[in-house]
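To keep things clear, I will list the structure first and then write my remarks on it.
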């Protein structure tokens, strides 16, 4: 039904209602009370609608804030790792003036520091649910590993012999597949084509 039809229908119904020519005092008071009650309900409805709109806007704002700052905890944990890289870079000696023994000592110290920073970074990632995918010596799993090369050599077929790039899971979801070299299945074991 269109608005025009609704309006016409209301006008017809209004014409059909018998309105006494003269209202008694009691009927007038009753109509006034109903008018006051109707106005109060209208105001309540308007307030409720405004509150609902405000709640929707607040919820949208809060959701945007949550998304915007959801990584704050992770980033705060990563800052000390960055600080350690800065410290390591700040303590480098003038390598050109070092003799061979001092240079080797400096390199060993640098490697130890890098291993410590890597462990610190892995600890942060693990605290966020990141897990390393074990690869070396495992049987190739296409859901967790990406073969970059098959190597023909003796041994267990489909066994991973080299991990080129570590793979990671976020909880139980694949974050990045491990890139691996796999021992090829001997031709005698392959299905005939």
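Numbering (my numbering), first residue to last: 2 to 194.
Even for Gly, the Cβ is constructed at its ideal location relative to N, Cα and C.
Predicted model, so just to flag it, every value in this text is computed and none were measured.
Tell me, to the nearest whole angstrom, how far the beta carbon of residue 155 is from that of residue 140; I am working on the premise that it is less than 8 angstroms.
-> The Cβ separation is near 16 angstroms, so there is no contact.
Taking all protein chains shown into account, do 16 or more other C-beta atoms lie within 10 angstroms of the C-beta of residue 144, making it buried, or fewer, making it exposed?
-> exposed
Rounded to whole angstroms, what's the CA-CA distance from residue 45 to residue 55? Just pull it up for me.
-> For the pair residue 45 and residue 55, the Cα-to-Cα distance works out to about 15 angstroms.
For residue 85 versus residue 125, is the C-beta spacing smaller than 8 angstroms?
-> No, the pair does not count as a contact, with Cβ atoms beyond the cut-off.
Residue 64 (DSSP reduced to helix, strand or coil) | helix
What are the uninterrupted segments assigned as beta strand (DSSP E) that are 3 or more residues long and contained completely in the region 80 to 139, given in chain order?
-> 131 to 133
Can you list the beta strand (DSSP E) stretches of 3 or more residues lying completely in the region 135 to 176, in chain order?
-> As far as the region 135 to 176 is concerned, its whole beta strand (DSSP E) runs of at least 3 residues are 146 to 152, 161 to 166 and 169 to 171.
Round the Cβ separation of residue 178 and residue 168 to the nearest angstrom and send it over; I've been treating them as touching at under 8 angstroms.
-> 5 angstroms
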